[in-house]
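Presented below is the structure to which this report refers.
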Amino acid sequence: MSTPASLKLVPEIVMSGFDTSKEDIWADKMTQQLRQPPYNYVNASRVPPNSFQFFVYDAAQLYFHVLNETLHEGGDIRNVSALMQKVKQVNFQGMTGEVRMDNDGDREPNYWMYRYDPVLDKMDNYLTISMYQPYDQRISVDKPHLWFTRNGEAPKDVPKCGLSNEFCPESKSERDLIIITVFILVVLIAGSGSAAAIVFRRKKLEHELQMMLWKINYSDIQFTAFQAGGSMALSAKSLISGLGSNSARALSNDASDNSKRFSKPTEQ
Numbered sequence: 001m002s003t004p005a006s007l008k009l010v011p012e013i014v015m016s017g018f019d020t021s022k023e024d025i026w027a028d029k030m031t032q033q034l035r036q037p038p039y040n041y042v043n044a045s046r047v048p049p050n051s052f053q054f055f056v057y058d059a060a061q062l063y064f065h066v067l068n069e070t071l072h073e074g075g076d077i078r079n080v081s082a083l084m085q086k087v088k089q090v091n092f093q094g095m096t097g098e099v100r101m102d103n104d105g106d107r108e109p110n111y112w113m114y115r116y117d118p119v120l121d122k123m124d125n126y127l128t129i130s131m132y133q134p135y136d137q138r139i140s141v142d143k144p145h146l147w148f149t150r151n152g153e154a155p156k157d158v159p160k161c162g163l164s165n166e167f168c169p170e171s172k173s174e175r176d177l178i179i180i181t182v183f184i185l186v187v188l189i190a191g192s193g194s195a196a197a198i199v200f201r202r203k204k205l206e207h208e209l210q211m212m213l214w215k216i217n218y219s220d221i222q223f224t225a226f227q228a229g230g231s232m233a234l235s236a237k238s239l240i241s242g243l244g245s246n247s248a249r250a251l252s253n254d255a256s257d258n259s260k261r262f263s264k265p266t267e268q
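Note that the UniProt record's numbering gives residue 236 to position 236 of the sequence shown, counting from 1, and the numbers run on in steps of one.
Set out below in structure tokens:
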């Protein structure tokens, strides 16, 4: 079965010496032992393989090793502090590889790192990490790592121009060109805004003038004193002064008739 393309870029880290091919053998062995005394579980189905069973086995083997050593020395197996002292610096070959305990009673595991090999078309071990070795000797490269990048090389720790472009400073001419370009753009934007404001103001004034054409200012209205006969009589008198005697007499009679016609009747 070929490795999916999405997993070819992902490295895999496992415990060194941990052979997963033993899972099926271990499952068959556990199933047979369940069918034998003292369990006598004759109808036991096959135990499903699980890699965690190997870690449980190594933990139990470590515990039994400490118990045997304590009993051999005549110690008390109920003294947990004494048992923990025995755990330190214990070494043995377990199901998950070499088991080494440090001075704190913790396991110092070793790791294998796998990467995809296009020739083998599978994940292949290329690096070993030994935690019990000194710091400068812990990593052992067995095969070169394959980088699935465009150029096939490892990605750089720092970009070409640096994290703050400190390795690629801008030239003075480029900087001046940027400043001039920005200045021109600001001037163009400001000029366009001013021109638009002037045009808008002029259009607004023209509209206001057009709206005022039908209006008559109050100061332009002239009022005349009211006399008997009303405005028609005043108009007739002004015309009489500019006409001849015959015409004036006729207009005077008409105005007199009109003034009588529109005058308020006297009370009886």
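For glycine and all other residues, C-beta sits at the position ideal for the given N, C-alpha and C.
Inter-residue spacing [alpha-carbon to alpha-carbon] between residue i and residue j
i	j	result
residue 54	residue 153	38 Å
residue 224	residue 199	46 Å
residue 78	residue 67	10 Å
residue 13	residue 157	22 Å
residue 215	residue 180	54 Å
residue 210	residue 186	37 Å
residue 75	residue 102	22 Å
residue 203	residue 161	55 Å
residue 159	residue 145	21 Å
residue 15	residue 27	20 Å
residue 8	residue 118	9 Å
residue 183	residue 208	38 Å
residue 35	residue 149	54 Å
residue 25	residue 163	54 Å
residue 90	residue 139	23 Å
residue 106	residue 122	33 Å
residue 220	residue 213	14 Å
residue 38	residue 129	42 Å
residue 222	residue 205	29 Å
residue 56	residue 147	36 Å
residue 41	residue 29	14 Å
residue 23	residue 52	10 Å
Those residues which DSSP pairs with residue i across a bridge
i	result
residue 92	99
residue 12	114
residue 123	116
residue 129	111, 139
Assigned secondary structure, residue i (DSSP; H/G/I helix, E/B strand, else coil)
i	result
residue 175	helix
residue 215	coil
residue 220	helix
residue 207	helix
residue 146	coil
residue 44	coil
residue 162	coil
residue 190	helix
residue 77	coil
residue 154	coil
residue 167	coil
residue 18	coil
Residue span of the alpha helix (DSSP H) that contains residue i, given as start and end
i	result
residue 81	80-87
residue 33	22-34
residue 67	52-72
Start and end residues, beta strand (DSSP E) containing residue i
i	result
residue 141	139-141
Beta-carbon gap between residue i and residue j smaller than 8 Å
i	j	result
residue 284	residue 97	In the structure as shown, the chain starts at 1 and stops at 268, and residue 284 therefore has no counterpart that could be examined.
residue 132	residue 100	yes
residue 175	residue 11	no
residue 165	residue 142	no
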